[in-house]
Amino acid sequence: MSTLHTACDDAVAVAGAPDSPTAVTALARQLDDDPLNLALHAALAQALQAAGDDTGFLAHRIALATFDTIAAGEPSLAAIPLYNLATVYYMKGEHDAAKHWYGQALKVHPDLAIAHQNLAAIFEAQGQAADAQQHRSRAYSLQRVFIEPAQNARRHLLILCSGHACGNVPFETLLPFDTTYRIKYAIDYAHDTEDAQLPPFDLVFNAIGEPDIAQPLTARLQRFAQRCGQAMLNRPDRVARTQRHRMALLLAGIDNVVTAPCIRVEARPASYRTLAERLEVAGIGFPLLMRPLATHGGDGLVLHESFDTLWGALKALSAPCYLTKFIDFRSTDGHYRKYRTVFVDREPFPYHLAISSHWMVHYFSADMTTNRAKIDEERRFLEDPRTALGERAAKAIAAIGRRLDLDYGGIDFTLLPDGRVFVFEANATMLIHREAADGPLAHKNAFVQPIVDAFERLQVSRMGTPVA
11 MSTLHTACDD AVAVAGAPDS PTAVTALARQ LDDDPLNLAL HAALAQALQA AGDDTGFLAH
71 RIALATFDTI AAGEPSLAAI PLYNLATVYY MKGEHDAAKH WYGQALKVHP DLAIAHQNLA
131 AIFEAQGQAA DAQQHRSRAY SLQRVFIEPA QNARRHLLIL CSGHACGNVP FETLLPFDTT
191 YRIKYAIDYA HDTEDAQLPP FDLVFNAIGE PDIAQPLTAR LQRFAQRCGQ AMLNRPDRVA
251 RTQRHRMALL LAGIDNVVTA PCIRVEARPA SYRTLAERLE VAGIGFPLLM RPLATHGGDG
311 LVLHESFDTL WGALKALSAP CYLTKFIDFR STDGHYRKYR TVFVDREPFP YHLAISSHWM
371 VHYFSADMTT NRAKIDEERR FLEDPRTALG ERAAKAIAAI GRRLDLDYGG IDFTLLPDGR
431 VFVFEANATM LIHREAADGP LAHKNAFVQP IVDAFERLQV SRMGTPVA
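Numbered per this note's numbering, the sequence shown spans residues 11 to 478.
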């Protein structure tokens with residue numbers, strides 16, 4: 011019997027039988043005091059398996075495998091098994107367990123940047139902005155370049171990223187792990203002199219797609235583009251002009267396209283009257299929408315029916331926000347519809363349709379996974395958007411793609427009863443993802459793949475092309 015198995019048996023003997031209700035708790039407590047103890051990890055894996063906790067079992071088995079791999083490595087690698095353990099929980103959405111084990115990894119190696127990076131993402135998702143910023147700043151003060159190799163890499167892609175969680179284009183689906191050698195560069199934390207120290211790359215993807223994050227970085231990104239020697243997807247000047255309050259001007263003059271008046275408020279207005287005059291000039295009455303900068307998916311979005319509630323909210327304002335005229339976009343059947351079309355190299359691809367009884371349309375709360383009529387309507391849009399929307403709308407959407415002039419971007423919109431396209435937002439931060447293969451929305455995956463394929467063709471076509 012191996013030394014590890016003997017030690018594992020000893021640990022279980024101390025904690026109780028593996029299937030004992032107290033075994034997991036007792037072993038976890040021991041590991042907190044001795045997180046690099048392989049025997050305790052093995053014993054806890056055994057106890058978690060007996061308890062039916064598949065995620066915990068997998069996490070600790072991966073940690074053990076990593077311990078074996080790095081046994082002869084440098085001492086600073088000792089935290090990696092704990093990082094891998096935490097990441098299993100993170101990928102499974104068990105954020106509290108992930109936080110715990112990232113914390114243990116940082117006790118072993120306080121300067122492990124990737125652990126700080128993932129902790130920042132977890133704290134951000136849990137609404138703990140201060141903690142998120144603390145770990146984010148720590149991560150990027152330690153390391154700006156993160157490399158993710160690929161076994162069958164078609165190219166080395168440099169991805170320009172923002173350290174701000176919501177600043178980046180969601181690119182996990184766009185750039186498959188097995189074929190894309192990713193070099194992620196947190197350029198907003200990097201000095202210009204660091205650009206020359208980057209590893210070799212074949213193409214640049216500017217993934218800083220949130221315009222409120224991107225706009226202040228435009229000059230820095232432009233300097234990088236001018237001297238990097240490779241083509242860049244999503245030029246920074248084109249991303250910056252997609253801010254919400256600039257959208258009406260950007261899309262002006264396109265036939266059959268409607269946008270809502272929007273202003274950006276930098277600070278609390280000097281007076282009630284000043285605000286009223288500014289809203290009147292902009293053509294914004296009540297009701298109106300107030301939202302923080304750099305947000306999507308309805309985060310922080312509030313509908314105000316009167317000056318009373320709006321003025322109170324603005325008096326408490328601690329950061330800039332947008333005020334947008336609310337336009338009732340209900341269809342003739344009384345439902346609200348939100349379509350998404352993605353543009354790859356300016357070509358439109360349908361991605362989804364959500365149908366809701368509420369004006370704040372969320373896919374997850376609109377019965378889109380259980381309502382057969384809604385699923386069928388979305389399927390018709392995906393299969394033939396031109397027929398579903400009409401010829402006028404299809405031409406308008408194609409024109410929007412050309413006007414945005416982004417290599418990757420998209421729009422969220424609805425179809426008004428008169429057939430015009432009402433655009434909610436138009437920018438580069440459009441999320442696409444695959445659905446569970448055995449789920450009710452599995453049919454949507456057939457429409458995700460053409461987007462991924464088009465993005466691959468775009469990269470092939472731009473490699474070796476100098477920046478314009």
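All C-beta atoms, glycine included, are put in the ideal place defined by N, C-alpha and C. None of these values were measured; they are calculated from a predicted model.
- Of the candidates Asp417, Ala206, Thr228, Thr183, the residue whose Cα lies closest to the Cα of Ser172 is Thr228.
- Per DSSP, the unbroken beta strand (DSSP E) holding Met300 starts and ends at 298 to 302.
- Scanning its chain for C-beta atoms nearer than 6 Å, with the 5 sequence neighbours on each side dropped, one finds around Leu129 the residues Tyr112, His145, in chain order.
- By the Cβ test, the segment 386 to 403 is not in contact with the segment 237 to 257, since fewer than three Cβ pairs between them sit closer than 8 Å.
- Less than 8 Å separates the beta-carbon of Glu134 from that of Ala142.
- Here Lys117 is exposed, its C-beta having fewer than 16 other C-beta atoms within 10 Å.
- Non-local beta-carbon contacts of Leu416 in its own chain, meaning distances under 6 Å to residues more than five positions away in sequence, involve Asn244, Arg248, Ala438 in chain order.
- With 16 or more neighbouring CB atoms inside 10 Å of its own CB, Asp222 falls in the buried class.
- Counting C-beta atoms within 10 angstroms of its own C-beta, Ala33 has 16 or more neighbours from the protein chains shown and is therefore classed as buried.
- By the criterion of a C-beta distance shorter than 6 Å, Gln153 is surrounded in its chain by Ala123, once the five residues flanking it on both sides are discounted.
- Between Pro210 and His255 the beta-carbon gap is near 40 Å, outside 8 Å, which marks them as no contact.
- Annotated as proximal: Thr424 and Lys348, with beta-carbon spacing under 8 Å.
- By the C-beta criterion, the segment 404 to 412 is judged not to be in contact with the segment 444 to 455, since fewer than 3 inter-stretch pairs fall below 8 Å.
- Look at the beta carbons and you see the segment 362 to 371 touching the segment 337 to 348: at least three pairs across the two are nearer than 8 Å.
- Measuring C-alpha to C-alpha distances from Gly419 to each of Cys331, Glu357, Ser341, Val291 identifies Glu357 as the nearest.
- Residue state for Leu285 is assigned as helix, using DSSP reduced to three classes.
- Under the 10 Å beta carbon count, Ile294 is surrounded by 16 or more other beta carbons and is classified as buried.
- Taking Lys384 as the centre and dropping the five residues before and after it, the same chain places the C-beta of Ile365, Met378 closer than 6 Å to its C-beta, in chain order.
- Here Arg444 has Thr183, Asn455, Val458 as same chain residues with Cβ atoms under 7 Å from its own Cβ, once five neighbours each way along the sequence are excluded.
- Rounded to whole angstroms, the gap between the alpha carbons of Leu441 and Pro180 is 6 Å.
- Just measuring C-alpha positions, the residue of Asn178, Leu185, Ala140 sitting nearest Asn162 is Leu185.
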